[in-house]
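K.L.:
If you count the sequence shown from 1, position 198 lands on 198 in full-length UniProt numbering, and the numbers rise without skipping. Even for Gly, the Cβ is constructed at its ideal location relative to N, Cα and C.
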Amino acid sequence: MLITVTGPDRPGVSSVLFTALTRHGVDLLDVEQVVIRGRLTLGALVVAHHDAEGLQEAVEQAMHSIGMQVHTSLHYDDAPSSRRTSTHVVLVLGRPITARAFGAVAKELAAVGANIDSIRRVADYPVTGLELTVSPDPADHAAHPHGTLRARLVEVARSAGVDVAVERAGLARRNKRLIVFDVDSTLVQGEVIEMLASRAGPEAEAEVRAVTEAAMRGELDFSESLRRRVAVLEGLPATVLDAVGAELELTPGARTTIRTLKRLGYRCGVVSGGFGRVIGPLIDELGLDFCAANELEVVDGRLTGRVVGEIVDRAGKAVALRRFAHSFGMTLEQCVAVGDGANDIDMLSVAGLGIAFNAKPALRAVADTALSQPYLDVVLFVLGITRDEVERADAAEGVLRRVPIP
1 MLITVTGPDR PGVSSVLFTA LTRHGVDLLD VEQVVIRGRL TLGALVVAHH DAEGLQEAVE
61 QAMHSIGMQV HTSLHYDDAP SSRRTSTHVV LVLGRPITAR AFGAVAKELA AVGANIDSIR
121 RVADYPVTGL ELTVSPDPAD HAAHPHGTLR ARLVEVARSA GVDVAVERAG LARRNKRLIV
181 FDVDSTLVQG EVIEMLASRA GPEAEAEVRA VTEAAMRGEL DFSESLRRRV AVLEGLPATV
241 LDAVGAELEL TPGARTTIRT LKRLGYRCGV VSGGFGRVIG PLIDELGLDF CAANELEVVD
301 GRLTGRVVGE IVDRAGKAVA LRRFAHSFGM TLEQCVAVGD GANDIDMLSV AGLGIAFNAK
361 PALRAVADTA LSQPYLDVVL FVLGITRDEV ERADAAEGVL RRVPIP
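1) Starting from Asp-346, follow its DSSP beta bridges and name the residues at the other end.
2) Would you tell me roughly how many angstroms separate the C-alpha atoms of Gly-201 and Glu-397, rounded to the nearest one?
3) Hey, could you find the ends of the beta strand (DSSP E) Ser-185 is sitting in?
4) Taking DSSP as the reference, what is the three-state secondary structure of Glu-389?
5) State buried or exposed for Ile-405, treating a residue as buried only when at least 16 other CB atoms are found within 10 Å of its CB.
6) Per DSSP, which one or two residues make a beta bridge with Thr-128?
7) With distances taken from CA atoms, which of Val-378, Ala-393 and Leu-383 is nearest Arg-95?
8) Using CA atoms only, rank isn't needed, just tell me which of Ala-169, Val-31, Gln-69 and Ile-36 is closest to Gly-384.
9) Do Leu-171 and Phe-328 have their CB atoms nearer than 7 Å?
10) Helix, strand or coil: how does DSSP classify Gly-384 here?
11) Gly-305 and Val-208 - do their beta-carbons sit closer together than 7 Å?
12) Are the stretch 346 to 359 and the stretch 329 to 338 touching, with three or more C-beta to C-beta distances below 8 Å?
13) Does the distance from the C-beta atom of Gly-113 to that of Val-122 stay below 7 Å?
14) Per DSSP, what kind of secondary structure is Arg-402 in: helix, strand or coil?
15) Taking all protein chains shown into account, do 16 or more other C-beta atoms lie within 10 angstroms of the C-beta of Thr-251, making it buried, or fewer, making it exposed?
16) With Val-336 as the anchor, note down where its alpha helix (DSSP H) starts and where it stops.
17) Can you tell me where the beta strand (DSSP E) holding Thr-6 begins and where it ends?
18) Keeping to the same chain, check which residues put their C-beta closer than 7 Å to that of Val-244; ignore five residues upstream and five downstream.
19) Helix, strand or coil, according to DSSP, for His-50 in the structure here?
20) For Arg-259, report the span of its alpha helix (DSSP H) as first-last.
21) Alpha carbon to alpha carbon, how far is Met-63 from Ser-372?
22) Considering only DSSP beta bridges, list what Val-270 is partnered with.
23) Quick one: what does DSSP say Ile-116 is sitting in, helix, strand or coil?
24) If Val-270 sits next to Val-183, beta carbons under 8 Å apart, how far is it from one beta carbon to the other, in whole angstroms?
25) Grouping DSSP H, G and I as helix and E and B as strand, with all else coil, what is Thr-239?
26) Give the range of the beta strand (DSSP E) segment to which Val-307 is assigned.
27) Going by beta-carbon coordinates alone, are Val-5 and Leu-42 separated by less than 7 Å?
28) Grab the span of the alpha helix (DSSP H) containing Glu-285 for me, first residue to last.
29) For Ile-355, which residues does DSSP report across the bridge?
30) If you follow the alpha helix (DSSP H) that Glu-213 is part of, which residue opens it and which one closes it?
31) What did DSSP end up calling residue 415 once you bin it into helix, strand or coil?
32) Using a 10 Å radius around the Cβ and a threshold of 16 neighbouring Cβ atoms, would you call residue 431 buried or exposed?
33) Within the continuous alpha helix (DSSP H) that includes Glu-224, where are the two ends?
34) Taking Val-34 as part of the beta strand (DSSP E), name the residues at either end of that continuous run.
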């Protein structure tokens, strides 16, 4: 028998229901409960060994006595062949999520024969996040593979003005233990090389910005573009590296993201095409576990316009991720990479989960998930961490704060 109870939430509803069930000696197979804005829905699947009609009447009387509505189904098929297994998790993110946007996602899921098994809100700040578990039609489970499902949902979501992340359900989603961030325009706002070039004058800054944008789009080889940009810095005092480092502004949500992941035992670090001396103090401040970045040559207290050692470029970022994963005893499947530019393509491709953050089209095309929200802590929701869990931990440490968002 399937019993569904609905009504205003209050203490004692479950107690009254199970007292009635106890009198009839039933076995409990499954139970689920959800409360939305004070409205309770409680479902229980039980086996009645005798007098099912009497049980039905007793349950109805018990629930009506406390002002609850109840629906019972005497013949409910719980055979394994009738069950669906959730195969994917679909995360919808927006500020806001409109009914039109969510309806478009739901319609597309229905179009591919996927059933929504559950929906829960995972975030109300800084964006709204709704997590859906979905399952395919058992008779047609191979018709729409993972990549196709993601591509179709992402296209629908883009036209509706929300982000959608699609991941396979199961233990693999929970095994992530190392995360690496790009720095420029990901962990921090802006591009460090442009901030340095501004010290050399407006013409130098404009030249560097143009080369940076072309490289980020994948139109220029990163190593060559880096050499061209660094050459503009020749003659600047080395102290500009420290000055720019002191001016770096973290992307909103960055501290929350790092703090939360470190609580969970993640190894957190950066792999950057930027410069180690500039970001070094920030690495220490955040308590990151590792860093790979380029080094600028300094002679007699001034920049020579050259890079020292091997350049951390597109291929070098992937090599660094592999090295850090190995050093911490992690598999690549346990790694998450977050970046925004074409030089992050290889790094995101080898990671178990690659997240494009406000990224250029070249990176969005290969990433597992593409986010367009300007808040880095949205990454937490992709990893299955809820805002409530984050804020409970922050409150326990006395660091909980919500910055008003215009």
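P.N.:
A quick look at the data gives this:
1) As a first step, residue 346 is located in the sequence shown; it is residue number 346 there, counting from the start. Its beta-bridge partners do not exist; DSSP assigns none.
2) The sequence position of residue 201 within the sequence shown is 201, counting from 1. The sequence position of residue 397 within the sequence shown is 397, counting from 1. Computed Cα separation, rounded: 45 Å.
3) To locate residue 185, count along the sequence shown from 1; it is residue 185. Taken as a continuous stretch (DSSP letters only), Ser-185 belongs to no beta strand (DSSP E), as it is neither H nor E.
4) The residue labelled residue 389 in the question sits at position 389 within the sequence shown. Of the three classes helix, strand and coil, the one that applies to Glu-389 here is helix, per DSSP.
5) The residue labelled residue 405 in the question sits at position 405 within the sequence shown. So Ile-405 ends up on the exposed side.
6) Within the sequence shown, the letter at position 128 stands for residue 128. For Thr-128, which the question treats as bridged, DSSP gives the partners Gly-94.
7) Translated into the one-based positions of the sequence shown, residue 95 becomes position 95. That would be Val-378, whose Cα lies nearest to the Cα of Arg-95.
8) Locating residue 384 in the sequence shown gives position 384, where the first residue counts as 1. Considering only alpha carbons, the answer is Ala-169.
9) In the sequence shown, residue 171 corresponds to position 171, counting from 1. In the sequence shown, residue 328 corresponds to position 328, counting from 1. Cβ distance not < 7 Å, so Leu-171 and Phe-328 don't count as in contact.
10) Start at 1 with the first residue of the sequence shown, and residue 384 comes out as number 384. Note: Gly-384 maps to coil in three-state DSSP.
11) Here residue 208 is taken as the residue at index 208 of the sequence shown, counted from 1. Here residue 305 is taken as the residue at index 305 of the sequence shown, counted from 1. Their beta carbons are not under 7 Å apart, which means Val-208 does not touch Gly-305 by this criterion.
12) yes
13) Here residue 113 corresponds to residue number 113 of the sequence shown, with the count starting at 1. Here residue 122 corresponds to residue number 122 of the sequence shown, with the count starting at 1. It is not a contact, given that the beta carbons lie outside the stated cut-off.
14) Counting from one through the sequence shown, the residue named residue 402 turns up at place 402. Three-state DSSP puts Arg-402 in coil, outside helix and strand.
15) Position 251 of the sequence shown, counted from the start, is the residue given in the question as residue 251. Flag for Thr-251 reads buried.
16) Residue numbering aside, residue 336 sits at position 336 when the sequence shown is read from its first letter. Segment 335 to 339 is the beta strand (DSSP E) holding Val-336; no alpha helix (DSSP H) there.
17) As a position in the sequence shown, residue 6 is number 6, starting the count at 1. Looking at the DSSP string, the run of the beta strand (DSSP E) that includes Thr-6 is 2 to 8.
18) The residue labelled residue 244 in the question sits at position 244 within the sequence shown. Same-chain partners within the cutoff: Val-192, Met-195, Leu-196 and Val-278.
19) In the sequence shown, the residue the question calls residue 50 occupies position 50. Residue state, collapsed to three classes: coil.
20) Working through the sequence shown from its first residue, we reach residue 259 at position 259. That run of the alpha helix (DSSP H) goes 254 to 263.
21) In the sequence shown, the residue the question calls residue 63 occupies position 63. In the sequence shown, the residue the question calls residue 372 occupies position 372. Near 47 Å, if we compare the C-alpha coordinates of Ser-372 and Met-63.
22) For the purposes of this step, residue 270 is taken as the residue at position 270 of the sequence shown. Answer is Phe-181 and Cys-291, bridged to Val-270.
23) Working through the sequence shown from its first residue, we reach residue 116 at position 116. Reduced to three states, the DSSP call for Ile-116 is strand.
24) Translated into the one-based positions of the sequence shown, residue 270 becomes position 270. Translated into the one-based positions of the sequence shown, residue 183 becomes position 183. Yes, they are in contact, since the Cβ atoms of Val-270 and Val-183 sit about 5 Å apart, within 8 Å.
25) Stepping through the sequence shown from its first residue, residue 239 is reached at position 239. Of the three classes helix, strand and coil, the one that applies to Thr-239 here is helix, per DSSP.
26) Counting from one through the sequence shown, the residue named residue 307 turns up at place 307. Start and end: 302 to 308.
27) For this step, residue 5 is matched to residue 5 along the sequence shown. For this step, residue 42 is matched to residue 42 along the sequence shown. Cβ distance < 7 Å, so Val-5 and Leu-42 count as in contact.
28) Here residue 285 refers to the residue found at position 285 when the sequence shown is read from its first residue. Residues 276 to 286.
29) Within the sequence shown, the letter at position 355 stands for residue 355. According to DSSP, which records beta bridges pairwise, Ile-355 is partnered with Val-338 and Thr-369.
30) As a working mapping, residue 213 is identified with position 213 in the sequence shown. That run of the alpha helix (DSSP H) goes 202 to 216.
31) An answer regarding residue 415 cannot be provided, because it is not within the stretch 1 to 406 covered by the chain.
32) Outside the shown range of the chain (1 to 406) lies residue 431, about which nothing can therefore be said.
33) Stepping through the sequence shown from its first residue, residue 224 is reached at position 224. Note, Glu-224: alpha helix (DSSP H), 222 to 231.
34) Your numbering for residue 34 matches position 34 in the sequence shown. Note, Val-34: beta strand (DSSP E), 27 to 36.
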